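Asker:
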Amino acid sequence: DAVRGLALACLLGFACSAQATTPSIIPLPARMTVEQGGYAISAAAVIHVKPGDRAAADAAHYLADLLVRTRGLSLPVVEDASATSRGDIVIRSDPSASVSQAEGYVLDVDARGLDIHARDAAGLFYGAVSAWQLLTPDAAKGAVTVPYVHVADWPRFAWRGLMLDVARHFEPPAEVKRMLDAMAQHKLNVFHWHLTDDQGWRLEIRRYPRLTQVGAWRQPPGADAKPYGGYYTQAEVKDIVAYAAARHITVVPEIDMPGHAQAAVAAYPEIGVTGGHPAVSIDWGVNPYLFNVDEHTITFLHNVLDEVMALFPSTFIHVGGDEAIKDQWQASAAVQARMHALGIKDENMLQSWFIERMGQYLAQHGRRLIGWDEILEGGVPPSASVMSWRGTQGAIDAARLGHDVVLSPAPTLYFDNLQGARDDEPSGRLSVQTLATVYRFETVPASLSAEQARHVLGAQANIWAEYLNAPWQVEHAAFPRMDALAETVWTPANERHYDDFLARLPAQFHRYDQLGIAYADSAFAVGM
Ligand code: TNX
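Just so you know, this note's numbering puts 276 at position 104 of the sequence shown, and the rest follows in order with no gaps.
1) Mind checking Ala513: buried by the 16 CB within 10 Å criterion, or exposed?
2) Kindly indicate which three-state DSSP category Ser504 falls into: helix, strand or coil?
3) Might you give, ordered along the chain, the residues of its own chain that have their beta carbon closer than 7 Å to the beta carbon of Val698, omitting 5 neighbours on each side?
4) Return the chain-ordered list of same chain residues with a C-beta closer than 8 Å to the C-beta of Val321, the five sequence neighbours on each side being excluded.
5) Rounded to whole angstroms, what's the CA-CA distance from Arg683 to Gln500? Just pull it up for me.
6) Does the ligand TNX have a heavy atom nearer than 7 Å to the CB of Asp494?
7) How many whole angstroms separate the CB atoms of Ile527 and Pro553, which I take to be in contact at a CB cut-off of 8 Å?
8) How far does the alpha helix (DSSP H) with Gln565 in it reach, from first residue to last?
9) Quick one: any contact between the segment 569–585 and the segment 618–630, if contact means 3 or more CB pairs under 8 Å?
10) Straight-line CA distance for Met429 to Asp466?
11) What does DSSP give as the partner residue(s) for Asn641 in the beta ladder?
12) Cβ atoms of Tyr586 and Asn641: under 8 Å apart, would you say?
13) Reducing DSSP to helix, strand and coil, say where Leu602 ends up.
14) If you scan the segment 267–348 from start to end, which runs of the alpha helix (DSSP H) of 4 or more residues do you find wholly inside it?
15) Take Arg379 and list the residues in its own chain whose beta-carbon comes closer than 6 Å to its own, dropping the five residues that flank it on each side.
16) How many whole angstroms separate the CB atoms of Ile263 and Val221, which I take to be in contact at a CB cut-off of 8 Å?
17) Between Glu667 and the ligand TNX, is the CB less than 7 Å from at least one heavy atom?
18) Who does Asn475 pair with in a DSSP beta bridge?
19) Mind checking which residues open and close the alpha helix (DSSP H) that includes His682?
20) Between the alpha carbons of Glu638 and Gly299, how many angstroms are there, rounded?
21) If you follow the alpha helix (DSSP H) that Ala407 is in, where does it begin and where does it stop?
22) Along the alpha helix (DSSP H) that carries Gly703, what are the first and last residues, could you check?
23) DSSP on Gln357, reduced to helix/strand/coil?
24) Could you check where the beta strand (DSSP E) with Glu426 kicks off and where it finishes?
25) Please report the distance separating the alpha-carbon of Phe484 from that of Glu614.
26) Quick test of your reading: Gly431 and Gly401, contact by CB under 8 Å. State the CB separation rounded to the nearest angstrom.
27) In the DSSP output, what is Ala482 paired with across the bridge?
28) Are the CB atoms of Ile412 and Pro344 nearer to each other than 8 Å?
29) Could you please give me the residues that DSSP links to Asn634 through a beta bridge?
30) What did DSSP end up calling Ser265 once you bin it into helix, strand or coil?
31) If we ignore side chains and look at the alpha-carbon of each, how far apart do His648 and Met481 end up?
32) What did DSSP end up calling Asp237 once you bin it into helix, strand or coil?
33) Can you tell me whether Trp636 sits near the ligand TNX, meaning its C-beta is under 7 Å from at least one heavy atom of the ligand?
34) When every heavy atom of the ligand TNX is checked, does at least one fall within less than 7 Å of the C-beta of His627?
35) To the nearest angstrom, how far is the alpha carbon of Arg419 from that of Met351?
36) With DSSP collapsed to three states, give me the class of Thr660.
Right under this line is the structure:
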């Protein structure tokens, strides 16, 4: 509680020069021991990398850039052959690093300086991020003394994700990049991009231009109202995917089907079920428009997936599957005849058949399908992995059947839910999901055996955007809960302590201030 008191004092703006005992690395490393003493990094310090060690140079430049932006320190990256001898900061690839886990690294600080080494490029990158946090313990600028510390670190889960809904409200490319940069600083590595929904289709598909010409724009009511919308050109997508890759983030695109299809049907009514010509939806909630199940529509969607696969190197491609109420399939004589011909008994099984047609297509191209847990309802499509949002049951069921799963249960990991109960909290979903709630989320459901738990790839938070109509609101929703999420998916479960986490947060807030991240302090108003 002394630690919590310190954190509170800092949060409330009192002087808090006393250092918390644990250096402020978030997420907390798997192993960290602090020793007496510290190494002074002056404004003239240097980051050393070996010539030809490309991964080390990339990590070094990311570190240097962060230090300029947050500490006003401008450290040159120097290639020198003797970079294995110490001095200031050394970053180096080392195939025999003592941490052998993927994405892991070792960071030692002693009288010789900071030494970061790792077996893979992601590990070097994450070592650099941790070094940045050690070098920014407070709001001061310039020279800084780093405590002697030995860090051996690796992630608990391979899927450490964030989903952003850009269909309900559009986020320009620059804002998407800001979010990717922040994700990298939290060692999150999967950006799930919800690109299509009833209210907007946001991805340029060259073969079907009306998807964005028509589907990216909705017409709000009112005589003077301008169409609302926006979309990403393929050039913009490539740029964003590269920006993410440079930060060791995989972009998993989502093309939502068979439901949440109204914007697509507005653009191409023939891929709908009724033949009707709806407008792009202006209402939130569950809309009835479904994709058809005839071969024309299946081929259309395969063609869309061709362009999606060309743009996104991700192994996993998300095909949605959520909230597809089956009324239109039920009411259509053609769909019923198709079901009969295929020997399919009900509409849930038809959905599984539909999803499996996509899963097989993706598999033929070396990719894997993932979808929301409703895809289990008609029998789990053999090729599918499952993202569980209606609680955790979908993940439990799928893991027991041997399918890989990702946890993102509502409301706990729904960052569009309010994070505080204060009067000035901006709009969001009504139940409050505090920082503490997110922090205490346990990714592996207790009812899974160790064998079944191996199918748990990780977890992600979802930012749905019905109520988040400006980038600052998305930021407000994301921070600081992203810190809690990061620790939930990275740090070993038995090392996670909320009070210790709170003590490391004030330094993080200084970093946010320097980076211009508009975090919510209302997260502390309840739930402590
Ligand atoms: C359900 S969660 C949805 C989204 C909404 C969200 C919040 C999920 C897979 N589908 O379409 O945005 O609730 O309202």
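Glycine residues also receive a C-beta, built at the ideal position from the N, C-alpha and C atoms.
Predicted model, so just to flag it, every value in this text is computed and none were measured.
Answerer: So, to answer that:
1) For the purposes of this step, residue 513 is identified with residue 341 of the sequence shown, where counting begins at 1. With fewer than 16 other beta carbons inside 10 angstroms of its own, Ala513 counts as exposed.
2) For the purposes of this step, residue 504 is taken as residue 332 along the sequence shown, with counting starting at 1. Secondary structure of Ser504 (DSSP, three-state): coil.
3) Position 526 of the sequence shown, counted from the start, is the residue given in the question as residue 698. Reliability fails at Val698, whose pLDDT of 39 lies under 50, so the model's placement of it is uncertain and the value that follows must be treated cautiously. Sequence-distant Cβ neighbours of Val698 in its own chain, meaning closer than 7 Å and more than five residues away, are Gly592, Ala593, Val604 and Thr606.
4) As a first step, residue 321 is located in the sequence shown; it is residue number 149 there, counting from the start. Excluding residues within five positions, the ones whose Cβ falls inside 8 Å are Pro195, Met204, Thr205, Val206, Glu207, Leu279, Asp280, Val281 and Leu306.
5) Locating residue 683 in the sequence shown gives position 511, where the first residue counts as 1. Locating residue 500 in the sequence shown gives position 328, where the first residue counts as 1. Taking the straight line from one Cα to the other gives about 51 Å.
6) Sequence index remark: in the sequence shown, residue 494 carries index 322 (1-based). Yes, the beta carbon of Asp494 sits closer than 7 Å to at least one heavy atom of the ligand TNX.
7) Counting from 1 along the sequence shown, the entry for residue 527 is found at position 355. Counting from 1 along the sequence shown, the entry for residue 553 is found at position 381. Contact flag correct, Cβ pair sits at about 5 Å.
8) As a working mapping, residue 565 is identified with position 393 in the sequence shown. Segment Gln565 to Arg572, the alpha helix (DSSP H) holding Gln565.
9) Contact between the segment 569–585 and the segment 618–630 is present, because at least three Cβ pairs lie under 8 Å.
10) Sequence index remark: in the sequence shown, residue 429 carries index 257 (1-based). Sequence index remark: in the sequence shown, residue 466 carries index 294 (1-based). Cα to Cα, Met429 sits roughly 14 Å from Asp466.
11) Counting from one through the sequence shown, the residue named residue 641 turns up at place 469. DSSP output for Asn641 lists no bridge partner at all.
12) Translated into the one-based positions of the sequence shown, residue 641 becomes position 469. Translated into the one-based positions of the sequence shown, residue 586 becomes position 414. Contact annotation: Asn641 and Tyr586 have beta-carbon atoms that are not nearer than 8 Å.
13) Counting from 1 along the sequence shown, the entry for residue 602 is found at position 430. Note: Leu602 maps to coil in three-state DSSP.
14) Taken in chain order, the whole alpha helix (DSSP H) runs of length 4 or more contained in the segment 267–348 are 293–306.
15) As a position in the sequence shown, residue 379 is number 207, starting the count at 1. Contacts found: Asn475.
16) Your numbering for residue 263 matches position 91 in the sequence shown. Your numbering for residue 221 matches position 49 in the sequence shown. Right, the Cβ-Cβ distance comes to about 5 Å (below 8 Å), so this counts as a contact.
17) Translated into positions along the sequence shown, residue 667 becomes position 495. Answer for Glu667: no, Cβ out of range of the ligand TNX.
18) Translated into the one-based positions of the sequence shown, residue 475 becomes position 303. DSSP output for Asn475 lists no bridge partner at all.
19) Your numbering for residue 682 matches position 510 in the sequence shown. Residues Tyr670 to Leu687.
20) The sequence position of residue 638 within the sequence shown is 466, counting from 1. The sequence position of residue 299 within the sequence shown is 127, counting from 1. If I take the Cα positions, the gap works out to 37 Å.
21) Mapped onto the sequence shown, residue 407 falls at position 235. Start and end: Gln406 to Ala418.
22) With the chain covering only 173 through 700, there is no way to say anything about residue 703.
23) As a first step, residue 357 must be located in the sequence shown, where it is residue number 185. In the structure shown, Gln357 sits in a helix (DSSP, three-state: H, G or I).
24) Translated into positions along the sequence shown, residue 426 becomes position 254. Element bounds for Glu426: Thr422 to Met429.
25) As a first step, residue 484 is located in the sequence shown; it is residue number 312 there, counting from the start. As a first step, residue 614 is located in the sequence shown; it is residue number 442 there, counting from the start. So the alpha carbons of these two residues sit roughly 30 Å apart.
26) Counted from its first residue, the sequence shown places residue 431 at position 259. Counted from its first residue, the sequence shown places residue 401 at position 229. Contact doesn't hold; Cβ gap of about 20 Å is too wide.
27) Looking up residue 482 in the sequence shown gives position 310. Within the DSSP bridge table, the entry for Ala482 names no partner.
28) Position 240 of the sequence shown, counting from 1, holds the residue named residue 412. Position 172 of the sequence shown, counting from 1, holds the residue named residue 344. Against a cut-off of 8 Å, the Cβ pair of Pro344 and Ile412 comes out as no contact.
29) Stepping through the sequence shown from its first residue, residue 634 is reached at position 462. Bridge pairing for Asn634: Met335 and Tyr586 [DSSP].
30) Taking the first residue of the sequence shown as position 1, residue 265 is located at position 93. Ser265 falls in the strand class under three-state DSSP.
31) The residue given as residue 648 occupies position 476 in the sequence shown. The residue given as residue 481 occupies position 309 in the sequence shown. For His648 and Met481, the gap between their C-alpha atoms comes out near 32 Å.
32) Translated into positions along the sequence shown, residue 237 becomes position 65. Asp237 sits in a helix when the DSSP states are folded into three classes.
33) For the purposes of this step, residue 636 is taken as residue 464 along the sequence shown, with counting starting at 1. Yes.
34) Translated into positions along the sequence shown, residue 627 becomes position 455. Closer than 7 Å to some heavy atom of the ligand TNX: that does not describe the Cβ of His627.
35) To locate residue 419, count along the sequence shown from 1; it is residue 247. To locate residue 351, count along the sequence shown from 1; it is residue 179. Approximately 11 Å, taken between the alpha carbons.
36) To locate residue 660, count along the sequence shown from 1; it is residue 488. In this structure, Thr660 counts as helix in the three-state DSSP scheme.
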